[in-house]
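Structure record follows, encoded as structure tokens.
In the numbering used here, the protein residues as written are 45 to 293.
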């Protein structure tokens, strides 16, 4: 994070004096989610009845509950950054063998988690007009997990706070574009599997198993949202002051 801030400061040194703009914003999101879900070996899953190969299902679309609060720092007319805190509902859908030995055909599984994330992004473009691209990274905490399995005789579902089934903290990278008026489109890629490959449980016979040991479950999702800004403030900064800021790093 320190290197990222240093990069931004160095870029702004070449700019003339200006009024730094600081403002807050709030945004909801529509999320279109996918995953690279697959099993990397035969005999995988809860009952060991899944073969090696892709189990990725259809796109997962959600609008609830996504809410972010952001603070933007515009260092110049063309360069800025933002950070904040964001709640999201992200996950993936698979088609795989059931956890009930009475059935053999593949069924739909839905796995999702509520997450709390802290992003840090660089903005480059015409910030005055609100037209810019951005890129950065984020750390998410997966704090509430829910799982649904659609069996022929009904739906099985479980949920748990801070579940061991998923990794608690997952980093991600993202990039996107913002248009005048605040509408943004962003693509995010999680850098680790959602499911905890080291998770251990017991089967019906009491044997210890690792149902996600051979599962890949990295998420990629596209977000569409509009940031509504409020509480703007300005601070005059000269080139000499910016040089001192850079030297302090």
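Built from N, CA and C at the ideal position, the CB exists for glycine as well.
Same chain, Cβ closer than 7 Å to residue i, neighbours up to 5 away in sequence not counted
| i | result |
| --- | --- |
| residue 150 | 139, 140 and 141 |
| residue 260 | 80, 81, 82, 84 and 237 |
| residue 147 | 195 and 196 |
| residue 99 | 81, 82, 83, 138, 139 and 140 |
| residue 168 | 122, 123, 176 and 177 |
| residue 156 | 133, 134, 135 and 190 |
| residue 263 | 77, 79, 134, 136, 234 and 238 |
Assigned exposure category for residue i - 16 Cβ within 10 Å defines buried
| i | result |
| --- | --- |
| residue 58 | For residue 58, the predicted model reports a pLDDT of 47, less than 50, meaning its position is unreliable and no value from the coordinates is stated. |
| residue 271 | buried |
| residue 177 | exposed |
| residue 94 | buried |
| residue 136 | buried |
| residue 255 | buried |
| residue 153 | buried |
| residue 244 | exposed |
| residue 203 | exposed |
Same chain, Cβ closer than 8 Å to residue i, five either side skipped, listed in chain order
| i | result |
| --- | --- |
| residue 56 | Residue confidence for residue 56 is low, a pLDDT of 48 falling below 50, so the modelled location carries little weight and cannot support an answer. |
| residue 246 | 252 and 253 |
| residue 199 | 192 and 193 |
| residue 97 | 82 and 83 |
| residue 220 | 177, 178, 179, 228, 229, 230, 231 and 267 |
| residue 129 | 112, 113, 160, 161 and 162 |
| residue 274 | 67, 68, 69 and 70 |
Same chain, Cβ closer than 6 Å to residue i, neighbours up to 5 away in sequence not counted
| i | result |
| --- | --- |
| residue 182 | 161, 163 and 216 |
| residue 232 | 216, 218 and 265 |
| residue 74 | 107 and 268 |
| residue 86 | 95 and 96 |
| residue 226 | 270 and 271 |
| residue 101 | 137, 138 and 139 |
For residue i, the residue or residues it bridges with in DSSP
| i | result |
| --- | --- |
| residue 168 | 123 and 177 |
| residue 79 | 263 |
| residue 239 | 210 |
| residue 227 | 270 |
| residue 163 | 182 |
| residue 87 | DSSP, once it has assigned bridges, lists no residue as partnering residue 87. |
| residue 134 | 157 |
| residue 254 | Bridge partners of residue 254: none, in fact. |
| residue 113 | 70 and 129 |
| residue 215 | 183 |
| residue 200 | 193 |
| residue 152 | 139 and 194 |
| residue 96 | Looking at the DSSP assignment, residue 96 forms no beta bridge with any residue, so it has no partner. |
Beta carbon of residue i nearer than 7 Å to that of residue j
| i | j | result |
| --- | --- | --- |
| residue 166 | residue 77 | no |
| residue 117 | residue 66 | yes |
| residue 158 | residue 126 | no |
| residue 213 | residue 185 | yes |
| residue 258 | residue 209 | no |
| residue 143 | residue 90 | yes |
| residue 224 | residue 173 | yes |
Check: residue i C-beta below 6 Å from any heavy atom of the ligand PLP
| i | result |
| --- | --- |
| residue 208 | Looking for the ligand PLP in the displayed structure turns up nothing, as the structure carries no ligands at all. |
So does the stretch 230-247 actually touch the stretch 101-110, counting three or more Cβ pairs closer than 8 Å? no
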